[in-house]
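Trainee: Respectively, the protein sequence lines represent chains A and B. Residues in the first sequence are numbered consecutively from 1, following my numbering. Residues in the second sequence are numbered consecutively from 231, following my numbering. One structure is given below, represented as structure tokens, and several questions about it will come after.
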Amino acid sequence: MRLDLLATLNAERAARRAAVVVTELASGAQRLVREGEVAGDALAEALQAQIRSGKSGVVETEAGRFFLELHLPPPRLMITGAVHVSQALAPIARLLGFDVSIVDPRTAFATPERFPDVPLYAEWPDTALARLKPDHWTAFVALTHDPKIDDPALEIALAAGCFYVGALGSKKTHGRRIESLKKRGVPEPSIARIHAPIGLSIGASSPQEIALSIMAEIILRLRRGPEAKP
Amino acid sequence: MSKLDEDILAAAEQWKREGRGVAIATVVETWGSAPRPVGSHLVIDDQQNFLGSVSGGCVEGDVISAAADVIESGKPQMLEFGVADETAWRAGLSCGGNIRVYVEKVD
């Protein structure tokens, strides 16, 4: 590996951007494909499939055998709402390797007693998310039921290109939310990316089961992309 | 990928900048039960200092000696280890898996 390639790779990883080291096994020829370059790459299809799988591996292509070494940032989950569902969602997400943070300006909800070991931000979402900096490797979930808290956070998460954006609430609630987001100037294709009603349809009823259905939907989007059916 | 792996590649870059000869060994394929997943790294310098792992410790010795050749020659090597391999007694994988390890020089 060339030192300049290694240095660029380390810089990309430090910046939480995905990168793939592509090594042609026959010749040893090597190059780095950065996150923004995947779609335009000669091996785009193989790279995209590999990235979705989340694992490094050898691929056979018409151009030869390549080792695709993935360097993906650890996924994060950001939640607005220090609510009952979040109390179950946080440990499930951590078990699956996500770094979890919870934002809720209502200090009665955001207490360490209710959320041991989870980073809590008892702040408005615009303040907290400005520091947390959601990105493509972040899932965002709005759970407060309070548009004053959820709507500004949804706007930020959509603009940041979070790979998953979900919002709790009935179809009726979501209808009102769509109108409110339009008024805030959020583009309609972005609004259409919101998963609502939230979670896979598994008949979840308790807060814990709802948390499981949300997490299953997040994993589906992480591994299979935005279009795949469950 | 883990934070530990990140440190390993950062160490490889730093060692090289310090003027050491450096090789990176990477698990590229596994069959059966392998102790470390594809993409795991072992970084080796020309004084046989190393960081990381490509197995549970069973094949590291052979990888480190191959790394010395790779640092010397500059030519990458593909190493294969497994119970069915003729090196089984010397550097077999007691877990019953097979792994392929790519060793390359940082230059």
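Every residue gets a Cβ at the ideal spot worked out from N, C-alpha and C, and that includes glycine.
(1) Please check if any C-beta of chain A sits within less than 8 Å of the C-beta of residue 337(B).
(2) Taking 8 Å as the CB-CB cut-off, is residue 265(B) touching chain A?
(3) Which runs of the beta strand (DSSP E), 3 residues or longer, sit entirely within the stretch 96–183 of chain A?
(4) Does any CB atom of chain A fall closer than 8 Å to the CB of residue 333(B)?
(5) Mind pulling the chain B residues with CB within less than 8 Å of residue 3(A)?
(6) What residues in the stretch 58–74 of chain A have a beta carbon less than 7 Å from any beta carbon of chain B?
(7) Between residue 154(A) and the rest of its own chain, which residues show a CB-CB distance below 8 Å, the 5 nearest in sequence each way excluded?
(8) Cα separation between residue 122(A) and residue 156(A)?
(9) Taking buried to mean at least 16 other C-beta atoms within 10 Å of its own C-beta, is residue 233(B) buried or exposed?
(10) Which two residues bound the contiguous alpha helix (DSSP H) that contains residue 218(A)?
(11) Taking Cβ-Cβ distances shorter than 7 Å, what residues in chain B pair up with residue 56(A)?
(12) What residues from the stretch 272–295 of chain B come within 8 Å of chain A, judged by C-beta to C-beta, listed N to C?
(13) CA-CA distance, residue 227(A) and residue 218(A)?
(14) With a CB to CB cut of under 7 Å and the five nearest residues on each side skipped, what residues in its chain are close to residue 47(A)?
(15) For the structure I just gave you, are there three or more beta carbon pairs, one from the stretch 285–305 of chain B and one from the stretch 56–63 of chain A, closer than 8 Å?
Mentor: Taking the coordinates as given:
(1) yes
(2) no
(3) 99–103, 138–142 and 164–167
(4) no
(5) 243, 246, 247, 336 and 337
(6) 58, 67, 69, 70, 71 and 72
(7) 140, 142, 165, 167, 177, 181, 186 and 194
(8) 17 Å
(9) Only weak support is given to the placement of residue 233(B): the predicted model assigns it a pLDDT of 46, under 50, and the value that follows is read from those uncertain coordinates. With fewer than 16 Cβ atoms within 10 Å of its Cβ, residue 233(B) is classed as exposed.
(10) 207–224
(11) 268 and 269
(12) none
(13) 13 Å
(14) 20, 33, 38, 41 and 68
(15) no
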